[in-house]
Amino acid sequence: MKDTNMQLRNLEFVSLDDIASEVSRLSALRYRRRGNWGLAATCEHLADWMSFPMDGFPKMSLRIQCLISLLRAFQGKRLFRKILTAKEMARGAPTIPATIHAASVDDASAVERYLQCIERLKTYRGTIHPSPLFGPMTYDELIALQCIHAAHHLRFLEPEESADRESRSN
-13 MKDTNMQLRN
-3 LEFVSLDDIA
7 SEVSRLSALR
17 YRRRGNWGLA
27 ATCEHLADWM
37 SFPMDGFPKM
47 SLRIQCLISL
57 LRAFQGKRLF
67 RKILTAKEMA
77 RGAPTIPATI
87 HAASVDDASA
97 VERYLQCIER
107 LKTYRGTIHP
117 SPLFGPMTYD
127 ELIALQCIHA
137 AHHLRFLEPE
147 ESADRESRSN
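Here it is in structure tokens:
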């Protein structure tokens, strides 16, 4: 159930293991949605974006490629540094439509896919494909970006134990 009247959780991950622990915890508990996506849609989205630097980014239309290229040339590195420094992503930023998943995927399958992707990235030492928006990045920058991206989305899922505690304290 979506609940937009409450403040979002403050989350910060410093490692892929931190992300995996939180996703496993959310999977084991009931949670309250504070946004549009449940755990399945969130994990599918995060798994997509975690796999792109390893497997290559999806093809985009020529029009979108031109727009992204202009953004990368004039703002990409600055925006990337801002995200890494602030450890925060802008709320409501556009994304590739293919990374927005229907609610028909079950939580368990999506969580498993994301956890497998996390394990793969932990040991990945191949080529890191440049981000269409941010350009090339190091492995450490990629991990930092994945931690920020995961915190950005997972903060919209409130574990019921926290939500219950919050209700009892009011």
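Residue 68 in my numbering is what sits at position 82 of the sequence shown, and the numbering runs on without skipping anything.
For each residue, glycine too, the CB sits at the ideal point set by N, CA and C.
With 16 other Cβ atoms within 10 Å as the buried cut-off, status of residue i
i: Gly78; result: exposed
i: Arg20; result: buried
i: Glu52; result: Correcting the residue type first, residue 52 is Cys in the shown sequence and not Glu. That one is exposed.
i: Phe60; result: exposed
i: Glu152; result: In this prediction, Glu152 has a pLDDT of 47, which is less than 50 and means its spatial position is unreliable; what the coordinates show is noted afterwards. Glu152 is exposed by the Cβ-count criterion.
i: Ile157; result: One cannot answer for residue 157 here, as it falls past the ends of the chain, which runs -13 to 156.
i: Val0; result: exposed
i: Ala89; result: exposed
i: Leu48; result: exposed
i: Ala72; result: exposed
Bridge partner(s) assigned by DSSP for residue i
i: Leu143; result: Arg19
i: Ser117; result: Gly121
Close-in-space but distant-in-sequence residues of the same chain around residue i (CB under 7 Å, 5 per side omitted)
i: Leu128; result: Pro39 and Ile114
i: His135; result: Leu32, Trp35 and Met75
Proximity to residue i [Cα-Cα], best of the options
i: Thr85; options: Phe43, Arg20 and Glu74; result: Phe43
i: Pro118; options: Ala130, Trp35, Arg20 and Leu140; result: Trp35
i: Arg67; options: Met123, Glu147 and Phe142; result: Met123
i: Ala96; options: Arg58, Leu(-6), Leu12 and Leu(-3); result: Leu12
i: Glu105; options: Arg(-5), Arg141 and Leu2; result: Leu2
i: Ala27; options: Phe120, Lys108 and Arg99; result: Arg99
i: Asp93; options: Ala14, Arg(-5) and Asn(-4); result: Ala14
i: Asp41; options: Phe142, Gly62, Leu131 and Tyr110; result: Tyr110
Same chain only: Cβ atoms within 8 Å of residue i, ignoring 5 sequence neighbours per side
i: His31; result: Trp23, Thr81, Thr85, Ile86, His87 and His139
i: Ser10; result: Val97 and Leu101
Proximal residues to residue i (C-beta, below 6 Å), its chain only, five neighbours per side dropped
i: Leu65; result: none
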